[in-house]
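Undergrad: Quick one: the structure is below, questions incoming.
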């Protein structure tokens with residue numbers, strides 16, 4: 026059964042600190058890949074945490090292994106621009122998506 030996962034990604038060794046997010050190598054491919062995951066319903070929400078080197082994602086998946094495997098297909102993961110720092114199941118207790 027699919028459940029909600031919290032994912033924290035952080036900048037990798039090849040992140041160019043002199044360039045904005047959209048100016049990093051492979052931006053278009055990364056954006057296309059992530060938008061595809063969102064269209065599939067795998068990624069529910071996502072975006073950079075302002076003022077930090079981190080990105081927060083929420084995903085619907087069967088397991089942590091599925092989350093890691095799916096994100097490994099991102100060109101930014103393959104080029105060490107973004108790394109998965111943490112994956113954890115999230116039990117949503119408050120909010121508009123809470124099951125009744």
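Residue numbers (the working numbering): 26 to 125.
Backbone N, C-alpha and C fix where the C-beta goes; we use that ideal spot for every residue, glycine too.
Quick caveat: nothing in here was measured; it's all calculated off a predicted structure.
Do the region 58 to 73 and the region 81 to 89 meet, that is, are 3 or more Cβ pairs less than 8 Å apart?
TA: yes
Undergrad: Is DSSP giving residue 74 helix, strand or coil here?
TA: For the purposes of this step, residue 74 is identified with residue 49 of the chain shown, where counting begins at 1. The answer is coil: DSSP assigns residue 74 none of H, G, I, E or B.
Undergrad: By Cβ distance, which residues of its chain are closer than 7 Å to residue 105, with the 5 residues on each side in sequence left out?
TA: By 1-based counting over the chain shown, the position of residue 105 is 80. Cβ within range, chain order: 37, 38 and 39.
Undergrad: From which residue to which residue does the beta strand (DSSP E) around residue 30 run?
TA: Taking the chain shown and counting its residues from 1, the one referred to as residue 30 is at position 5. Unbroken beta strand (DSSP E) run through residue 30: 28 to 36.
Undergrad: Mark residue 117 as exposed unless 16 or more other C-beta atoms lie within 10 angstroms of its C-beta, in which case mark it buried.
TA: Your numbering for residue 117 matches position 92 in the chain shown. The residue in question, residue 117, is exposed, as its Cβ has fewer than 16 Cβ neighbours within 10 Å.
Undergrad: Could you tell me if residue 34 is buried or exposed, where buried requires 16 or more neighbouring beta carbons within 10 angstroms of its beta carbon?
TA: Mapped onto the chain shown, residue 34 falls at position 9. Buried is the call here.
Undergrad: What residue from 76, 96, 119 and 42 has the CA that sits closest to residue 109's CA?
TA: In the chain shown, the residue the question calls residue 109 occupies position 84. Of 76, 96, 119 and 42, the residue nearest in Cα terms is 96.
Undergrad: Excluding the 5 residues flanking residue 70 on each side, which residues of the same chain have their C-beta closer than 6 Å to its C-beta?
TA: Here residue 70 corresponds to residue number 45 of the chain shown, with the count starting at 1. Taking residue 70 as the centre and dropping the five residues before and after it, the same chain places the C-beta of 83 closer than 6 Å to its C-beta, in chain order.
Undergrad: What's the call for residue 32, buried or exposed, on a 16-neighbour Cβ count within 10 Å?
TA: Here residue 32 refers to the residue found at position 7 of the chain shown. Around the beta carbon of residue 32, 16 or more other beta carbons lie within 10 angstroms, which makes this residue buried.
Undergrad: Classify residue 107: buried if its beta carbon has 16 or more other beta carbons within 10 angstroms, exposed otherwise.
TA: Within the chain shown, residue 107 is the residue found at index 82, counting from 1. So residue 107 counts as buried.
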